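Novice:
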Amino acid sequence: MIGRVPLRTLLTHGLDDQVRFGAEYVSHEVLSDGRITAHFADGSTDTADVLVGADGTRSRVAASLAGRDLAGPIGFGGIAARTPLTDRTRALLPTIVGDGPVLSLGLAGASVFMQVHDPSGGPAIDPASCTTVPAITEAPSLVWGLSATEKVLPPATVQAMTGPELIEFTLSTVRGWPPAVLELIAAADPGSAAGFRFYAADPDADLTPWPAGPVTALGDAVHAMPPTGGRAAATAIIDADHLARELFAARDGHSTIALATHRFHREMAGYAPAAIRFSMLPLRWLSRVDRLDRPGLRGLAELGLSAASAVHHFNSSLNGRAAA
Ligand SMILES: Cc1cc2nc3c(=O)[nH]c(=O)nc-3n(C[C@H](O)[C@H](O)[C@H](O)COP(=O)(O)OP(=O)(O)OC[C@H]3O[C@@H](n4cnc5c(N)ncnc54)[C@H](O)[C@@H]3O)c2cc1C
0 MIGRVPLRTL LTHGLDDQVR FGAEYVSHEV LSDGRITAHF ADGSTDTADV
50 LVGADGTRSR VAASLAGRDL AGPIGFGGIA ARTPLTDRTR ALLPTIVGDG
100 PVLSLGLAGA SVFMQVHDPS GGPAIDPASC TTVPAITEAP SLVWGLSATE
150 KVLPPATVQA MTGPELIEFT LSTVRGWPPA VLELIAAADP GSAAGFRFYA
200 ADPDADLTPW PAGPVTALGD AVHAMPPTGG RAAATAIIDA DHLARELFAA
250 RDGHSTIALA THRFHREMAG YAPAAIRFSM LPLRWLSRVD RLDRPGLRGL
300 AELGLSAASA VHHFNSSLNG RAAA
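Numbering that gives the first Met the number 0 puts the first residue of the sequence shown at 0, with every later residue one more than the last.
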């Protein structure tokens, strides 16, 4: 597992003069020589051989290519935060969390994901090997995320909440869960709390419904999926790897840009739909458990007798490399 900030720092290392932050893509045009000019909200432009939209869920680049949004809301949302691991909070960790990421399904249409992020307890990258890129060691924390139906987490309500309010809202949603879990949630860093609406692309549709050419998109822009599979960022990184290899081949004269994007689209169609379906699975379980939410069962949950009805360990090999 690698955190978002170290990942971005590693990916942009040495590219200070190439990366421009704060430039909002608005539109693009294909020039007569086949190159692409991208237009930004501040009136600036950039011209290049290839434009790759990595602009996330509800991508403008992908929408301009497809003529529609590729992803839509799926009726679920989430609240996520980090709880710093101290002697006190470590003592509260459920034993099962020590074995890897855990997803617990509750009876009130809500689930809680928990994963220990402790680079000091076994870094994915040995800091001693970081000779050209400075090592970034994040403080140990418990990453947790509440997922629930929009009936439980109305998007407008969640989006208007501050960090402390999001934590309070989570606690009220999972009241009746084991006291240690509630204490861990209550001890979260409010500055790390954020609320999300979940979107997904249709895994049965063509994810890149445009002709292969010098403009394409990758990552959440084409295969948005809920975070409940722990695969979305990993799938985006796999996309980037495939596309970069194909573009290097085109640069070196072994193929063309159109062939490179065509091959990339074909490769991605082989793995991205499965990642979307895998990520939707826990939400399907949650819907089923939600249907069991009758007054008697809710009573059991509130008494803490049946706080978690199912636990799923993510054993995907991809997950270990995913960003939280
Ligand atoms: C709570 C939570 C937990 C998650 N946990 C995991 C996990 O454990 N494992 C995992 O694999 N994935 C996880 N994910 C998913 C992961 O964060 C995303 O899949 C991943 O960030 C997608 O990368 P991306 O580059 O495609 O898009 P993003 O990371 O969304 O990046 C898109 C970028 O484009 C920018 N942008 C948007 N519009 C424009 C525009 N018009 N012009 C210019 N820039 C624009 C945005 O500001 C953003 O910086 C999680 C997501 C959430 C919300």
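For every residue, glycine included, the Cβ atom is placed at its ideal position computed from N, Cα and C.
Everything numeric in this text was worked out from a predicted model, so none of it was measured.
ILE78 and THR169 look like a contact to me (Cβ under 8 Å); what is the Cβ gap, rounded to whole Å?
Specialist: Within the sequence shown, numbered from 1, the residue matching residue 78 stands at position 79. Within the sequence shown, numbered from 1, the residue matching residue 169 stands at position 170. That pair is a contact at about 5 Å.
Novice: Going by DSSP, which residues form a beta bridge with ARG81?
Specialist: Residue 81 sits at position 82 when you count from the first residue of the sequence shown. Looking at the DSSP assignment, ARG81 forms a beta bridge with VAL142.
Novice: Which residues in the same chain as ARG297 place their Cβ atom closer than 7 Å to its Cβ, once the five residues preceding and following it in sequence are excluded?
Specialist: Here residue 297 refers to the residue found at position 298 when the sequence shown is read from its first residue. Any reading at ARG297 must be qualified, since the residue scores a pLDDT of 48, below 50, and its modelled position is unreliable; no value is offered.
Novice: Which residue's Cα is closest to the Cα of ALA274: PHE263, ALA199, ARG19?
Specialist: For the purposes of this step, residue 274 is taken as residue 275 along the sequence shown, with counting starting at 1. Among PHE263, ALA199, ARG19, the Cα nearest to that of ALA274 belongs to ALA199.
Novice: As an exercise, report each continuous alpha helix (DSSP H) stretch of at least 4 residues that is fully enclosed by the segment 172-211, in chain order.
Specialist: As far as the segment 172-211 is concerned, its whole alpha helix (DSSP H) runs of at least 4 residues are 178-185.
Novice: Would you check whether ligand 1 has a heavy atom nearer than 8 Å to the C-beta of GLU324?
Specialist: Within the shown structure, residues of the chain are numbered from 0 to 323, placing residue 324 beyond reach of any answer.
Novice: Going by DSSP, what residues sit across from HIS38 in a beta bridge?
Specialist: In the sequence shown, counting from the first residue as 1, residue 38 sits at position 39. According to DSSP, HIS38 bridges with SER26, THR44.
Novice: Say yes only if the C-beta of ASP54 is nearer than 8 Å to one or more non-hydrogen atoms of ligand 1, and no if none qualify.
Specialist: Position 55 of the sequence shown holds residue 54. True, at least one ligand heavy atom lies under 8 Å from that Cβ.
Novice: Leaving aside the five residues before and after GLY295 along the sequence, list all residues of the same chain whose C-beta is less than 7 Å from its C-beta, in chain order.
Specialist: Position 296 of the sequence shown, counted from the first residue, corresponds to residue 295. The pLDDT assigned to GLY295 is 49, lower than 50, so where the model puts this residue is not dependable; a value taken from the coordinates is nonetheless given after this. There are no such residues.
Novice: Entirely within the segment 86-113 and at least 4 residues each: give me those alpha helix (DSSP H) ranges in chain order.
Specialist: DSSP runs (the alpha helix (DSSP H)) wholly in the segment 86-113: 86-91.
Novice: What does DSSP give as the partner residues of ALA216 in its beta bridges?
Specialist: Position 217 of the sequence shown, counted from the first residue, corresponds to residue 216. According to DSSP, ALA216 bridges with GLY52.
Novice: Tell me the DSSP secondary structure of PRO324 in three-state form.
Specialist: There is no way to answer for residue 324, as the model of the chain reaches only from 0 to 323.
Novice: Ordered along the chain, which non-local residues of its own chain (more than five positions away) have a Cβ less than 6 Å from that of GLU182?
Specialist: By 1-based counting over the sequence shown, the position of residue 182 is 183. So the list reads LEU91, once near-sequence residues are dropped.
Novice: Output the distance between the C-alpha atoms of PRO133 and PHE20, rounded to the nearest integer angstrom.
Specialist: Translated into positions along the sequence shown, residue 133 becomes position 134. Translated into positions along the sequence shown, residue 20 becomes position 21. Rounded to the nearest angstrom, the two C-alpha atoms are 21 Å apart.
Novice: Per DSSP, what kind of secondary structure is ILE1 in: helix, strand or coil?
Specialist: Here the question's residue 1 lines up with position 2 in the sequence shown. It is a strand residue.
Novice: Ligand 1 and LEU141: does the residue's C-beta get closer than 8 Å to at least one heavy atom of that ligand?
Specialist: Here residue 141 refers to the residue found at position 142 of the sequence shown. Checking the Cβ of LEU141 against ligand 1 gives no.
Novice: Return the CA-CA distance between PRO163 and PRO189, expressed in angstroms with no decimal places.
Specialist: Numbered from its first residue, the sequence shown carries residue 163 at position 164. Numbered from its first residue, the sequence shown carries residue 189 at position 190. Distance between the alpha carbons of PRO163 and PRO189: 5 Å.
Novice: Exposed or buried, which one is LEU280 when buried takes at least 16 other CB atoms within 10 Å?
Specialist: For the purposes of this step, residue 280 is identified with residue 281 of the sequence shown, where counting begins at 1. By the 10 Å Cβ count, LEU280 comes out exposed.
Novice: Tell me where the alpha helix (DSSP H) around VAL157 begins and ends.
Specialist: Locating residue 157 in the sequence shown gives position 158, where the first residue counts as 1. Where VAL157 is concerned, the enclosing alpha helix (DSSP H) stretches over 154-158.
Novice: Which word fits ALA159, buried or exposed, when buried means at least 16 other C-beta atoms lie within 10 angstroms of its C-beta?
Specialist: Within the sequence shown, numbered from 1, the residue matching residue 159 stands at position 160. Under this definition ALA159 is an exposed residue.
Novice: Let me know if LEU10 comes out buried or exposed under the rule of 16 or more other beta-carbons within 10 Å of its beta-carbon.
Specialist: Taking the sequence shown and counting its residues from 1, the one referred to as residue 10 is at position 11. Label assigned to LEU10: exposed.
Novice: Give the straight-line distance between the Cα atoms of ASP251 and ARG57, rounded to the nearest whole angstrom.
Specialist: Mapped onto the sequence shown, residue 251 falls at position 252. Mapped onto the sequence shown, residue 57 falls at position 58. Between ASP251 and ARG57, the C-alpha separation is close to 33 Å.
Novice: Would you call ILE1 buried or exposed, if buried means 16 or more other Cβ atoms sit within 10 Å of its Cβ?
Specialist: For the purposes of this step, residue 1 is identified with residue 2 of the sequence shown, where counting begins at 1. Counting Cβ neighbours within 10 Å, ILE1 comes out buried, since at least 16 surround it.
Novice: Can you tell me whether GLY144 sits near ligand 3, meaning its C-beta is under 8 Å from at least one heavy atom of the ligand?
Specialist: No copy of ligand 3 appears in this structure; the ligands present are ligand 1.
Novice: Between TRP209 and HIS264, what straight-line distance do the alpha-carbon atoms span, to the nearest angstrom?
Specialist: In the sequence shown, counting from the first residue as 1, residue 209 sits at position 210. In the sequence shown, counting from the first residue as 1, residue 264 sits at position 265. Their backbone Cα atoms lie some 10 Å apart in a straight line.
Novice: Does DSSP put THR8 in a helix, in a strand, or in coil?
Specialist: The residue labelled residue 8 in the question sits at position 9 within the sequence shown. If DSSP states are grouped into helix, strand and coil, THR8 belongs with the helices.
Novice: State the start and end residues of the unbroken alpha helix (DSSP H) segment that holds ARG230.
Specialist: On the sequence shown, position 231 is the one that residue 230 refers to. Run containing ARG230: none; DSSP gives neither H nor E here.
Novice: What residue from ASP54, ARG34, GLN114, PRO118 has the CA that sits closest to PRO5's CA?
Specialist: Position 6 of the sequence shown, counted from the start, is the residue given in the question as residue 5. Answer by Cα proximity: PRO118.
Novice: Output the distance between the C-alpha atoms of LEU302 and LEU165, rounded to the nearest integer angstrom.
Specialist: Start at 1 with the first residue of the sequence shown, and residue 302 comes out as number 303. Start at 1 with the first residue of the sequence shown, and residue 165 comes out as number 166. Unreliable positioning characterises LEU302 in this predicted model, as indicated by a pLDDT of 39, which lies under 50. The coordinate reading is nonetheless provided below. Distance between the alpha carbons of LEU302 and LEU165 is about 23 Å.
Novice: Indicate whether the contact test is met: 3 or more Cβ pairs, each with one atom in the segment 237-254 and one in the segment 200-207, closer than 8 Å.
Specialist: No contact exists between the segment 237-254 and the segment 200-207.
Novice: So who's on the other strand from HIS116, going by DSSP bridges?
Specialist: Taking the sequence shown and counting its residues from 1, the one referred to as residue 116 is at position 117. Partner(s): SER140.
Novice: Identify the residues that DSSP records as bridge partners of ALA147: which are they?
Specialist: The count along the sequence shown starts at 1 and reaches residue 147 at position 148. For ALA147, which the question treats as bridged, DSSP gives the partners GLY76, ALA109.
Novice: Please return the same chain residues whose Cβ sits closer than 6 Å to the Cβ of VAL60, not counting the five positions on each side in sequence.
Specialist: Translated into positions along the sequence shown, residue 60 becomes position 61. Contacts found: GLY52, ASP54, ALA216.
Novice: Within 10 Å of its beta-carbon, does ALA187 have 16 or more other beta-carbons around it, so buried, or fewer, so exposed?
Specialist: For the purposes of this step, residue 187 is taken as the residue at position 188 of the sequence shown. The residue is buried, with at least 16 neighbouring Cβ atoms inside 10 Å.
Novice: Quick one: what does DSSP say LEU64 is sitting in, helix, strand or coil?
Specialist: For this step, residue 64 is matched to residue 65 along the sequence shown. Residue state, collapsed to three classes: helix.
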